[in-house]
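Structure, as structure tokens:
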Amino acid sequence: MTASQATEASSNGRTPHPVSAGPVVQLPGAFGNFVTQAWTDLVTGAEHLAVSSPNPPKDGKAPLVRLHSECLTGDVFGSYRCDCGEQLAYALELIEENGGTLLYLRGQEGRGIGLANKIKAYALQEAGFDTVEANEQLGLPVDARCYNAAAQILAEMGMHEIRLLSNNPDKQNRLAKAGVTVVEMVPTEVPSREQNIRYLQTKKDRMDHLLTLDAQTAGVPGSGTNTFEHEQD
Ligand SMILES: [Zn+2]
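Here the sequence shown is numbered in the numbering used here, starting from 2 and rising by one per residue.
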């Protein structure tokens, strides 16, 4: 049993996952004026960041929430191997406009396998394996992420019902188990790229992500018409 599985098992009985909050501070930036608050997972020691719109959601709707798993290569270096960086920017724009929170979840690199293992998986992908097979070749779970800390942070922020910015139905199920109700799945749409089309196709075919790849023109980068939905790694 991995640490995350053990954590998940312990909170299936609804034992609150222990987290602690820091102060709320202003965070003006390129995507708008946000407020931010650091949260510490007292089980793993991971430090997460909540980035929120200072304004309440429009029309009294449930807040938009994006659970964004850390992706150093995509978020910081703008890698085209995945779509994380673009999804991060898109989610922040939507949250700034409509109200809500982006939880930046650290320690979830590469669907929870860590940065070094993710790069090893990339090497296997360059040898012809897809993103699922690569993790299997490394003897690692396809998705090792745990959302119990995220669910507890949302609860302590007063967000028991949310509109989830994601195309990943598994994420919705995991949050429900941890006690957060997703009243609506709000798809995220950023253009695909030649470099990540196989990765996205694998997520659609093998991980049940709610993608509409059929409607786009695969392998024609920069056409400007191949907008579709996908999900971070
Ligand atoms: Zn990524």
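No residue lacks a Cβ here, since even glycine has one placed at the ideal position from N, Cα and C.
Closer than 7 Å: residue i CB and nearest ligand 1 heavy atom
i: residue 203; result: no
i: residue 113; result: no
i: residue 75; result: yes
i: residue 147; result: no
Residue i, enclosing beta strand (DSSP E) - first and last residue
i: residue 37; result: 33–42
i: residue 27; result: 20–30
Euclidean distance between Cα positions of residue i and residue j
i: residue 17; j: residue 49; result: 17 Å
i: residue 111; j: residue 61; result: 35 Å
i: residue 194; j: residue 75; result: 13 Å
i: residue 154; j: residue 133; result: 29 Å
i: residue 38; j: residue 100; result: 16 Å
i: residue 175; j: residue 148; result: 7 Å
i: residue 186; j: residue 130; result: 30 Å
i: residue 137; j: residue 120; result: 14 Å
i: residue 66; j: residue 139; result: 32 Å
i: residue 31; j: residue 44; result: 33 Å
i: residue 142; j: residue 53; result: 31 Å
i: residue 86; j: residue 125; result: 22 Å
i: residue 122; j: residue 109; result: 15 Å
i: residue 135; j: residue 166; result: 27 Å
i: residue 163; j: residue 199; result: 31 Å
i: residue 180; j: residue 207; result: 27 Å
i: residue 159; j: residue 117; result: 35 Å
i: residue 25; j: residue 36; result: 6 Å
i: residue 204; j: residue 192; result: 16 Å
i: residue 229; j: residue 97; result: Below a pLDDT of 50, predicted positions are generally treated as unreliable, and residue 229, at 29, falls in that range; the measurement from the model is reported next regardless. Roughly 22 Å between the two C-alpha positions.
Any C-beta of chain B under 8 Å from that of residue i
i: residue 91; result: In the displayed structure, chain B is absent; only one protein chain is listed.
Span of the alpha helix (DSSP H) around residue i
i: residue 47; result: Segment: none, residue 47 is in no alpha helix (DSSP H) and carries neither H nor E.
i: residue 164; result: Premise fails: residue 164 lies in the beta strand (DSSP E), 162–166, not in any alpha helix (DSSP H).
i: residue 172; result: 170–178
i: residue 149; result: 149–157
Give, in chain order, every unbroken run of the beta strand (DSSP E) that is at least 3 residues long and sits entirely within the segment 65–142.
DSSP runs (the beta strand (DSSP E)) wholly in the segment 65–142: 65–70, 101–106.
Which full runs of the beta strand (DSSP E) of 3+ residues lie inside the segment 181–205, going along the chain?
With a minimum length of 3 residues, the continuous beta strand (DSSP E) runs that stay inside the segment 181–205 are 182–187, 190–192.
Assess, as a yes-or-no matter, whether the segment 62–73 is touched by the segment 102–110 under the definition of 3 or more beta carbon pairs within less than 8 Å.
Here the segment 102–110 lies against the segment 62–73, with 3 or more beta-carbon pairs under 8 Å apart.
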